[in-house]
Amino acid sequence: MKPKFIELALGSHLISHGYDENNREITEVVSIEGFSKKLVSVSRVKSLSEKYILTDYLDGRWIYWEYEGDFEDVKKLLL
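Written as structure tokens, this is what we have:
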């Protein structure tokens with residue numbers, strides 16, 4: 001059975017707020033020191049790369065989180 005939540009250590013992130021009138025992405029960069037443990041709803045995870053995990057937010061924003069750990073380990077959590 002697929003879990004509803006996974007625990008990840010997340011750090012700095014990019015928030016995509018959509019696009020402007022010239023179709024350029026509006027991005028907010030949030031830089032923090034280190035990583036914090038968070039429970040992430042699996043249903044909000046949209047993509048995983050070696051550097052970022054992409055999640056959506058209730059109001060339509062997209063958040064690219066840096067995560068601590070190994071890609072294969074996070075992939076196993078999601079599968």
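Just so we're aligned: the sequence shown equals residues 1 to 79 in this note's numbering.
Even glycine gets a Cβ: it sits at the ideal position worked out from N, Cα and C.
Since this is a predicted model, take the numbers as computed values, not measurements.
- Counting the other Cβ atoms within 10 Å of the Cβ of T27 gives fewer than 16, which makes it exposed.
- For the options R44, V45, Y67, the alpha carbon positioned closest to that of Y52 is the one of Y67.
- Beta bridge pairing from DSSP links V40 with I6.
- A straight line joining the alpha-carbon of V30 with that of M1 spans about 34 Å.
- V40 sits buried, since 16 or more C-beta atoms from the chains shown fall within 10 Å of its C-beta.
- Non-local beta-carbon contacts of A9 in its own chain, meaning distances under 6 Å to residues more than five positions away in sequence, involve F35, K37, E68 in chain order.
- The continuous alpha helix (DSSP H) containing E72 extends over residues 71-78.
- Y64 is bridged by DSSP to L14, L54.
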